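Heads up: the structure comes next, in structure tokens.
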């Protein structure tokens, strides 16, 4: 019984770590599209996730915040995202 639980625990842990690393690339692609200031790139990333109109508007507003004080917001204020 102990070995069965150990095996189950290892399988669950392995599956969770796989999903975490699998999700990193899309997150950073989306983050880079917002930080870049390019609406075309932002829309392309949002299309991949089937974003709603409300999500598009909110990410456009965040992108506008990054455009205001570009270097300061990108490097010193990452909490905006």
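Residue numbers (mature numbering (1 follows the signal peptide of the UniProt record, and there is no 0)): -23 to -1, 1 to 58. All C-beta atoms in this analysis are idealised placements derived from N, C-alpha and C, irrespective of residue type, glycine included. Fair warning: this is a prediction, and the values are worked out from it, not measured in the lab.
So, helix, strand or coil for residue i, using DSSP?
{"i": "residue 28", "result": "coil"}
{"i": "residue 15", "result": "coil"}
{"i": "residue 37", "result": "helix"}
{"i": "residue 22", "result": "helix"}
{"i": "residue 46", "result": "coil"}
Roughly how many angstroms separate the alpha carbons of residue i and residue j, rounded to a whole number?
{"i": "residue 9", "j": "residue 40", "result": "10 Å"}
{"i": "residue 7", "j": "residue 22", "result": "6 Å"}
{"i": "residue 2", "j": "residue 38", "result": "23 Å"}
{"i": "residue 27", "j": "residue 15", "result": "18 Å"}
{"i": "residue 34", "j": "residue 45", "result": "17 Å"}
{"i": "residue 43", "j": "residue 31", "result": "19 Å"}
{"i": "residue 29", "j": "residue 19", "result": "13 Å"}
{"i": "residue 4", "j": "residue 24", "result": "14 Å"}
{"i": "residue 17", "j": "residue 47", "result": "18 Å"}
What whole-angstrom Cβ distance do residue i and residue j have, given they're in contact under 8 Å?
{"i": "residue 36", "j": "residue 11", "result": "6 Å"}
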